[in-house]
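Everything below concerns the one structure shown next.
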Amino acid sequence: MNQPSLPFWSIPNAKLLEELQTTQQGLTDKEAKLRLTRYGFNLLKPKRKLDAFMLLVAQFQSPVILILIFAAGLSFFVHDHTDGLIILAIVFVSGLLGFWQEWGAADAVEKLLAIVQAKVVVRRNNNTQTVSPEEIVPGDVFVLTAGGTIPGDCIILKSKDLFVDEAALTGETYPVAKITGVLPSETPLSQRTNVLFMGTHIVSGQGEALVVHTGKHTEFGKVSERLQLRPPETDFEHGIRRFGYFLLEVTLILVIAIFAINVYLARPVLEAFLFALALAVGLTPQLLPAIISVNLAHGAKRMARQKVIVKRLASIENFGSMNVLCSDKTGTLTEGVVHIHAALDTTGNENEAVLFYAYLNAFYETGYVNPIDEAIRSHRQFELLGYQKLDEIPYDFIRKRLSILVAKDSNHLLVTKGALKDVLAVCSKAQMTDGAIADINTVQELLQQHYEDFSRQGFRTLGIALRDIGSASCITKDQETEMTFLGFLLLADPPKPGIIDTIRNLEYTGVSLKIITGDNQKVAANIGQQMGFANPTILTGSDLHQISDEALLKRVNEVNVFAEVEPNQKERIILALKKAGNVVGYLGDGINDASALHVADVGISVNSAVDVAKEAADIVLLEKDLDVLVQGVQEGRITFANTLKYVFMATSANFGNMFSMAGASLFLPFLPLLPKQILLTNLLTDFPEMTIATDTVDRDMVSKPRRWDIQFIRNFMLVFGLISSVFDFLTFGTLLFILRATPDEFRTGWFMESVISASLIVLVIRSRKPFFKSQPGKYLLIATLLVVGITLIFPFTPLAKPFGFQPLTLSFVFWLGAIVIAYVATADKVKQIFYQRVKF
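First residue of the sequence shown: 1, per the UniProt record's numbering; consecutive thereafter.
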């Protein structure tokens with residue numbers, strides 16, 4: 001099969017089908033598999049398989065690790081085989097630990113993402129079936145439905161009132177009408193009305209399209225490859241990067257200075273180089289990327305148990321930091337199951353004809369599936385014998401109406417249902433209770449009064465209209481005019497049981513709820529009051545048209561409910577809330593929620609949402625329920641808190657120990673620890689830190705949103721790093737002046753004290769509470785005690801001699817134990833004072 005010989009929009013459909021060797025019934029499964037092998041997956045970037053070998057290799061690609069491997073080679077070159085083997089063994093074990101953690105994390109995330117993957121409907125084997133968008137191939141014929149995303153560049157085979165949002169590709173603000181046809185080859189991209197482009201989505205209408213190009217060969221693929229698009233950096237990622245640069249600067253200065261001084265003191269160059277390098281390993285938070293990945297993956301798995309699927313792991317931090325949640329009401333605050341409350345005529349009396357024509361409209365509707373039509377069809381069924389559907393104008397978000405053309409006998413009736421205001425706009429007459437026809441202008445005030453009364457009671461009100469259009473067998477939007485208004489359809493969607501308690505739980509966790517709805521102001525006010533807002537502050541869509549961005553910025557935090565909001569105003573509300581200093585989450589599932597989901601700090605959708613909303617979201621709820629969301633926020637905060645624990649560890653005990661060791665090397669006649677001993681120290685202290693993702697988190701750490709604060713971390717590092725160094729130098733003094741230690745005894749004692757103190761201090765700084773009042777996670781506690789035990793017995797094992805250690809007497813153990821206890825007690829006390837004075 002060859003690609004089309006000419007620009008495909010200039011080729012007749014029949015010839016294009018022939019060139020692509022397909023039919024209007026699509027491909028067979030066998031042919032689709034062959035084409036998938038030939039063209040590859042329909043992705044802008046090649047599909048990355050989880051490769052165990054490459055992930056293992058990646059553990060040894062950091063510059064520090066590569067230099068250590070080079071240093072081990074130097075050791076072999078100068079015939080110091082023992083040191084070379086020890087360095088390689090420690091590097092390898094450290095790499096295996098990182099691989100084991102990241103493999104489990106990556107595998108878990110891949111399985112979770114498969115749960116919320118979007119699907120498209122294609123014609124294969126003379127039938128329709130759903131497949132993953134990445135499996136679409138040239139020659140596929142797929143079915144177009146409102147809310148669906150376009151999986152490739154396509155030519156339209158069939159269309160009915162088809163409108164597509166191409167803003168992602170062309171920047172066009174309004175939906176573009178799409179029709180079948182042939183266009184000149186020189187037609188510019190924005191005017192190719194017979195083409196659908198990958199990355200755009202359907203706003204309304206229906207049809208079928210033939211896929212011509214996929215993946216990198218699409219227009220969107222060419223653009224993204226040219227621009228090398230990258231997702232915006234989150235606040236958390238930005239903070240991690242700044243923190244990494246800060247430690248890197250300190251490490252480089254310290255390492256270069258220590259190496260130069262040791263060389264100046266006439267110590268062996270290779271030993272001085274390895275010592276400086278080993279210090280770099282101890283100072284550099286080399287586990288930070290792995291710890292973050294593992295923490296986020298563990299968080300994603302815990303959130304999945306709460307029926308929350310995380311699509312983009314970096315969004316977990318923003319989820320925990322979120323302090324404003326914007327949501328629609330249907331299905332989130334309310335039950336989401338619409339009920340027909342009443343069908344009334346123009347004077348407010350029950351009227352069966354209104355209900356019948358509403359049923360007729362809903363029964364034949366084939367466009368965008370929605371709960372209103374389902375509610376009408378299930379409320380009461382009518383006999384439609386003799387009626388035949390001729391045509392349809394699907395609902396769209398501009399007209400806000402749905403029209404069906406039906407025939408009975410010789411009458412061709414246009415039946416329209418939609419938002420009351422938009423239905424009345426196309427009516428010139430109204431049918432009264434006695435069957436008389438009145439001019440619409442004479443009853444306008446009466447209709448408006450009914451509408452306001454219904455709205456105050458919390459009912460959503462639709463209008464039903466009718467027109468006999470003679471012998472016409474097809475209709476256009478232009479024929480929605482001169483209609484007769486029949487009456488009102490009142491819809492009820494009661495609040496969910498317990499929703500007020502859920503909203504209070506959100507507020508208790510520091511998240512304020514803002515309702516964004518297209519309902520009118522009075523319906524919105526009624527819902528707001530039912531949600532617990534005694535006197536809700538309401539801003540309407542018309543107010544938003546008149547208010548400036550600066551004025552909105554001042555008011556947006558005070559508003560509880562945004563009513564009568566147009567789809568394109570949602571994005572403006574989200575941006576104003578963000579500029580006002582909030583971390584904003586947006587919960588949406590509709591076609592026109594995509595842009596708001598994209599600009600929100602956390603885009604949240606549901607698994608039942610339209611594809612375009614689900615794809616734009618960072619987080620997908622398996623149930624559209626605020627209770628699920630509250631639990632997800634808590635899990636997000638737990639993940640953030642555990643990630644910060646590692647950051648605190650890396651800036652306290654480890655930093656203090658390495659800084660002290662560097663200082664000691666300046667006045668000691670020997671190195672305080674040999675390079676291989678430093679690497680062993682670093683490896684052992686890594687064990688407790690790698691279990692931090694499973695640690696328990698105190699309630700006060702998840703009681704309110706928290707954000708990355710580099711200044712707080714810098715203060716934490718200075719205070720606790722200084723305390724660590726004070727006790728390090730106390731250890732040096734004790735070993736040298738009280739215990740009169742030999743170089744090997746000094747190194748053994750310093751190794752034991754530094755590893756045990758660094759492991760135990762994890763239990764102190766993991767919580768704001770006194771360490772004995774906050775219970776650590778099971779695995780963290782086990783890992784800590786295991787490391788302490790290994791450290792105590794290590795000098796007495798056969799491995800001690802190759803590492804340069806020797807057994808210590810009880811007096812050494814006693815003094816070192818006293819220093820460790822004093823260090824832990826002091827750090828715990830200073831911690832309480834620190835948190836009283838420094839807020840986070």
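Beta carbons: idealized from backbone N, C-alpha and C, even for Gly. Predicted model only: the values in this text are computed from it and were never measured.
Of the candidates Glu383, Leu385 and Asp373, the residue whose Cα lies closest to the Cα of Ser403 is Asp373.
Pairing Lys301 with Ile515 gives a Cβ-Cβ distance that is not under 8 Å.
Burial is judged here by how many other beta carbons sit within 10 angstroms of a residue's own beta carbon; Ala641 has at least 16 and is buried.
Going by DSSP, Thr461 is part of the beta strand (DSSP E) stretching over Arg460 to Asp468.
Excluding sequence positions up to five before and after Leu296, its CB lies within less than 7 Å of the CB of Leu313, Ile316 and Thr639, all in the same chain and listed in chain order.
As the crow flies, the alpha-carbon of Leu462 is around 41 Å from that of Glu135.
Between the C-alpha atoms of Leu577 and Asp543 there is a straight-line separation of about 16 Å. Under the Cβ criterion (8 Å, minimum of three pairs), the stretch 596 to 609 counts as touching the stretch 571 to 585. Check the Cα spacing between Val824 and each of Phe794, Gly777, Met531 and Phe771: the tightest is with Phe771.
Taking C-beta atoms as the reference points, Gly656 and Ser725 count as a pair closer than 8 Å. The three-state reading of DSSP puts Met649 in helix, counting H, G and I together.
Contact holds between the stretch 179 to 190 and the stretch 9 to 16, because three or more Cβ pairs, one in each stretch, are under 8 Å apart. For Val620, the enclosing beta strand (DSSP E) begins and ends at Ile619 to Leu621. Around the CB of Ile309, 16 or more other CB atoms lie within 10 Å, so the residue is classed as buried. Of the candidates Phe716, Ala430 and Phe805, the residue whose Cα lies closest to the Cα of Leu673 is Phe805.
If you ignore the 5 residues before and after Thr685, its C-beta comes within less than 7 Å of the C-beta of Asn654, Val755, Ala758 and Ser759, all in its own chain and listed in chain order. Residue state for Leu270 is assigned as helix, using DSSP reduced to three classes. Our two residues, Phe737 and Thr731, have alpha carbons roughly 10 Å apart in a direct line. By alpha-carbon distance to Gly588, the top candidate from Ala580, Ile574, Glu564 and Ala613 is Ala613. Counting the other Cβ atoms within 10 Å of the Cβ of Met322 gives 16 or more, which makes it buried. Shortest Cα-Cα distance from Asn560 to any of His545, Glu571 and Ile538 involves Ile538. For the stretch 437 to 524, the continuous alpha helix (DSSP H) assignments of 4+ residues that do not extend past its boundaries occur at 440 to 456 and 499 to 508, in sequence order. Taking a C-beta distance under 8 Å as the contact criterion, Leu413 and Asp468 qualify as a contact pair. With contact defined as three or more Cβ pairs closer than 8 Å, the stretch 414 to 429 and the stretch 492 to 501 are not in contact. In this structure, the straight-line span from the alpha carbon of Ile253 to that of Gly663 is close to 13 Å. For Leu405, the uninterrupted beta strand (DSSP E) run begins and ends at Arg401 to Lys408, by DSSP. Relative to Phe670, the option among Asp391, Thr128, Leu785 and Glu745 whose CA is nearest is Glu745. Note that the C-beta distance between Asn361 and Lys417 is below 8 Å.
Taking one beta carbon from each stretch, the stretch 771 to 788 and the stretch 700 to 715 have fewer than 3 pairs nearer than 8 Å; the two do not touch. Around Ile261, the same chain offers Ser665 and Leu666 as residues with beta carbons nearer than 8 Å, after the five sequence neighbours per side are excluded. The beta carbon of Phe275 lies closer than 6 Å to those of Leu671 and Pro675 in the same chain, with the five residues before and after it left out. Arg637 is positioned such that its CB atom lies closer than 8 Å to that of Gly320. Residue state for Ile136 is assigned as coil, using DSSP reduced to three classes. For the set Val212, Gln25 and Thr193, the Cα lying nearest the Cα of Leu16 is the one of Val212. In this structure, Thr130 lies near Val121, with their beta-carbon atoms less than 8 Å apart. For Ala741, the CB contacts under 7 Å within the same chain, skipping 5 residues up- and downstream, are Leu735 and Gly749 in chain order.
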